[in-house]
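Protein chains: 2
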Amino acid sequence: MRYELYYWSGIQGRGEFVRLALEQAGADYVDVARQPGGEAAMLRLLEGRGLAAAPFAPPFLKAGRLVIAQTANILLYLGARLRLAPKAEAGRLWAHQLQLTIADLVAETHDVHHPIAASLYYRQQKREARRRAAHFTAERLPKYLGYLESVLGRNPAGDRHMVWRALSYVDLSMFQVIAGLRYAFPRAMARLAPGHRRLAALHDRVAQRPRVAAYLASERRLPFNEQGIFRHYPELDA
Amino acid sequence: MRYELYYWSGIQGRGEFVRLALEQAGADYVDVARQPGGEAAMLRLLEGRGLAAAPFAPPFLKAGRLVIAQTANILLYLGARLRLAPKAEAGRLWAHQLQLTIADLVAETHDVHHPIAASLYYRQQKREARRRAAHFTAERLPKYLGYLESVLGRNPAGDRHMVWRALSYVDLSMFQVIAGLRYAFPRAMARLAPGHRRLAALHDRVAQRPRVAAYLASERRLPFNEQGIFRHYPELDA
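Protein sequence lines correspond, in order, to chains A and B. Just so you know, we're using our numbering here: the first sequence kicks off at 6 and counts up by one. Just so you know, we're using our numbering here: the second sequence kicks off at 6 and counts up by one.
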């Protein structure tokens with residue numbers, strides 16, 4: 006099956022969690038909005054023309070007749086198919102639960118630079134962003150990283166993976182989050198490094214997997230930038 | 006099976022979405038933290054003692070040997086078991102996708118009164134909350150309500166339900182969101198009423214279902230208050 010991924014063409018954003026899973030699995034997929042005319046096709050689907058199950062927002066995935074939205078839901082669907090998650094119910098739910106916790110962290114990270122409204126520019130909410138950033142780096146970030154580090158430490162199958170004995174989409178997402186947080190908050194992440202050594206080692210192992218490494222070195226991997234979720238504004242990383 | 010629900014004892018919060026599903030299904034469950042000693046038991050599980058799969062935060066559900074966290078994940082698990090969601094994959098994913106979109110709306114609603122930090126009181130971030138509220142009621146709220154209204158209108162099985170021909174946990178959650186938004190933002194919701202008549206009718210039908218009505222009239226239903234997600238601060242509903 007050829008999967009069609011629909012996501013904004015200029016940012017990694019939430020689409021990146023899906024891209025990493027498709028790339029690591031060597032799946033046949035097309036990143037639709039980055040093709041000529043693709044963004045218009047995406048917007049038509051978002052308007053819901055001819056769809057009973059229209060998505061609220063990108064990313065969404067077309068898989069045959071299915072149109073699946075919400076990042077964690079897409080990964081729930083792809084997980085067993087791409088052998089990136091357990092098939093049994095307990096493991097499937099556990100992987101999904103971790104992915105939803107990562108999604109919460111991602112949303113909070115985004116709102117550090119947009120605490121007032123997504124429709125405003127960062128510079129229009131800079132004062133509030135600075136205040137939120139101080140709480141995020143002092144309270145929320147260590148809380149999330151400490152929890153996720155403990156998940157690795159407690160995995161009965163060993164601390165090289167988040168969910169089970171093998172790579173999962175949660176490991177790939179964890180790589181992306183660590184990479185993004187280091188880009189956005191290099192000082193805070195350096196300060197917090199002693200508390201998440203296992204996550205750092207996981208990040209490095211994922212980056213070195215041949216398919217992930219090839220993807221990261223390709224033009225398909227967009228660079229981090231100041232339009233995405235993870236933005237480097239030095240004043241927010243004091 | 007007797008389910009054990011773990012959630013903060015003084016608020017409806019995210020636990021309410023699970024309570025409504027358990028109540029509507031007539032499931033055997035105990036609301037652990039509202040029993041004597043229950044909150045301490047919940048905190049022990051949150052610390053992860055003896056658990057490989059410890060939750061990050063309440064609510065979580067014990068179902069036999071499973072411990073499942075993240076509201077939408079709990080409902081994904083309960084859906085087919087309580088006959089509150091389709092069993093087939095396409096319908097299951099669609100219900101879950103809608104629930105995750107509702108979860109995004111709930112998180113944005115919470116952050117209206119807490120745009121800077123959950124660790125601060127509302128009065129410590131009142132100025133920022135007022136600014137965020139103006140954008141929320143003018144932009145985000147109509148966008149979400151318009152989308153969810155269109156989901157009802159497009160349901161091939163009719164506009165009395167969100168997902169399929171019968172009641173689902175998404176309908177129950179939709180009831181809760183409409184009730185909560187009306188409590189928190191009565192003026193904005195009155196102004197937006199012409200745009201979501203189907204959602205309002207769904208809210209009323211759900212409230213009149215015998216088991217839901219009995220639950221709402223019972224002491225098990227906590228009232229809305231200013232510690233939960235949906236808070237009525239008149240200055241945020243201008």
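Even for Gly, the Cβ is constructed at its ideal location relative to N, Cα and C.
Below-8 Å beta-carbon distance, residue i vs any chain B residue
i	result
Phe-61 (chain A)	yes
Ser-173 (chain A)	no
Thr-114 (chain A)	no
Trp-169 (chain A)	no
Leu-13 (chain A)	Here the sequence assigns Trp to residue 13 (chain A), which means Leu is not the residue at that position. Output row for Trp-13 (chain A): interface = no.
Leu-146 (chain A)	no
Asn-78 (chain A)	yes
Asn-160 (chain A)	yes
Ala-98 (chain A)	Per the sequence shown, the amino acid found at residue 98 (chain A) is Leu instead of Ala. Interface residue, yes.
Spatial neighbours of residue i in its chain, beta-carbon cut-off 6 Å, leaving aside the 5 residues before and after
i	result
Gly-53 (chain A)	Ala-59
Arg-7 (chain B)	Asp-33
Asn-230 (chain B)	none
Gly-185 (chain A)	Phe-235
Arg-192 (chain B)	Asp-242
Gly-84 (chain A)	Ala-90, Tyr-174
Gly-20 (chain B)	Tyr-12, Pro-64
Contacts around residue i, its chain only, beta-carbon distance under 8 Å, and the 5 residues preceding and following it disregarded
i	result
Thr-1 (chain B)	An answer regarding residue 1 (chain B) cannot be provided, because it is not within the stretch 6 to 243 covered by chain B.
Val-72 (chain A)	Leu-50, Leu-56, Ala-58, Ala-59, Pro-60, Phe-65, Leu-66
Leu-177 (chain B)	Phe-22, Leu-25, Ala-26, Gln-29, Leu-89, Val-211, Val-217
Gly-200 (chain B)	Pro-147, Leu-150, Gly-151, Glu-154
Gln-129 (chain B)	Ile-121
Met-179 (chain B)	Ile-107, Leu-153, Met-167, Leu-204, Leu-207, His-208, Val-211
Val-156 (chain B)	Leu-103, Met-167
Arg-170 (chain A)	Ala-162, Gly-163
Tyr-82 (chain B)	Leu-66, Ala-68, Leu-71, Ile-73
Ala-134 (chain A)	Val-117, His-118, His-119, Pro-120, Tyr-127, Tyr-238, Leu-241
Cutoff 8 Å: residue i Cβ touching any chain A Cβ
i	result
Gly-163 (chain B)	no
Met-73 (chain B)	Before going on, a small fix: residue 73 (chain B) reads as Ile here, not Met. It does: the Cβ of Ile-73 (chain B) has a partner Cβ on chain A nearer than 8 Å.
Phe-95 (chain B)	The residue you asked about is not Phe; residue 95 (chain B) is Ala in the sequence shown. Yes, its Cβ sits closer than 8 Å to a Cβ of chain A.
Gly-53 (chain B)	yes
Ser-155 (chain B)	yes
Leu-89 (chain B)	no
Tyr-152 (chain B)	yes
Leu-105 (chain B)	yes
Tyr-82 (chain B)	yes
Gly-58 (chain B)	Gly is not the amino acid found at residue 58 (chain B); the sequence shown has Ala there. Cβ-Cβ to chain A under 8 Å: yes for Ala-58 (chain B).
Leu-244 (chain B)	No answer is possible for residue 244 (chain B): the residues shown for chain B start at 6 and end at 243.
His-101 (chain B)	yes
Leu-204 (chain B)	no
Buried versus exposed call for residue i [16 or more other C-beta atoms within 10 Å across all chains shown]
i	result
Arg-24 (chain A)	buried
Gly-18 (chain A)	buried
Arg-126 (chain A)	Before going further, note that residue 126 (chain A) is Tyr rather than Arg in the sequence given. The residue in question, Tyr-126 (chain A), is exposed, as its Cβ has fewer than 16 Cβ neighbours within 10 Å.
Ser-244 (chain A)	For chain A, the structure presents residues 6 to 243; residue 244 (chain A) sits outside this window and is missing.
Arg-132 (chain A)	exposed
Gln-75 (chain B)	buried
Glu-9 (chain B)	buried
Ala-198 (chain B)	exposed
Leu-103 (chain A)	buried
Leu-48 (chain B)	exposed
Gln-232 (chain A)	exposed
Ala-138 (chain B)	buried
Ala-77 (chain B)	buried
Gln-181 (chain A)	buried
Neighbourhood of residue i by C-beta, 7 Å cutoff - its chain only, sequence neighbours within 5 removed
i	result
Phe-141 (chain B)	Glu-113, Val-117
Glu-44 (chain A)	Ser-14, Ala-38
His-115 (chain A)	Ile-234
Ala-46 (chain B)	Val-37
Lys-92 (chain B)	Ala-85
Under 7 Å, CB to CB, which of the residues in the segment 118 to 131 of chain A have a partner in chain B? Under the 7 Å Cβ criterion, the segment 118 to 131 of chain A contributes Pro-120, Ile-121, Ala-122, Ser-124.
Looking at chain A, which residues of the segment 132 to 144 of chain B have a Cβ within less than 7 Å of any of its Cβ atoms? Under the 7 Å Cβ criterion, the segment 132 to 144 of chain B contributes Glu-133, Arg-136, Arg-137, His-140, Glu-144.
Give, in chain order, every unbroken run of the alpha helix (DSSP H) that is at least 4 residues long and sits entirely within the segment 94 to 176 of chain B. 94 to 118, 131 to 140, 146 to 159, all fully within the segment 94 to 176 of chain B.
Taking the runs of the alpha helix (DSSP H) that are 4 residues or longer, which of them lie wholly in the segment 6 to 88 of chain B? With a minimum length of 4 residues, the continuous alpha helix (DSSP H) runs that stay inside the segment 6 to 88 of chain B are 20 to 29, 43 to 51, 76 to 86.
Against chain B, which members of the segment 232 to 243 of chain A pass a CB distance test of less than 9 Å? Result list empty, no residue passes.
At which residue ranges does the segment 178 to 242 of chain B contain complete alpha helix (DSSP H) runs of 4 or more residues, listed in the order of the chain? Complete alpha helix (DSSP H) runs here, min 4: 191 to 197, 202 to 213, 215 to 222.
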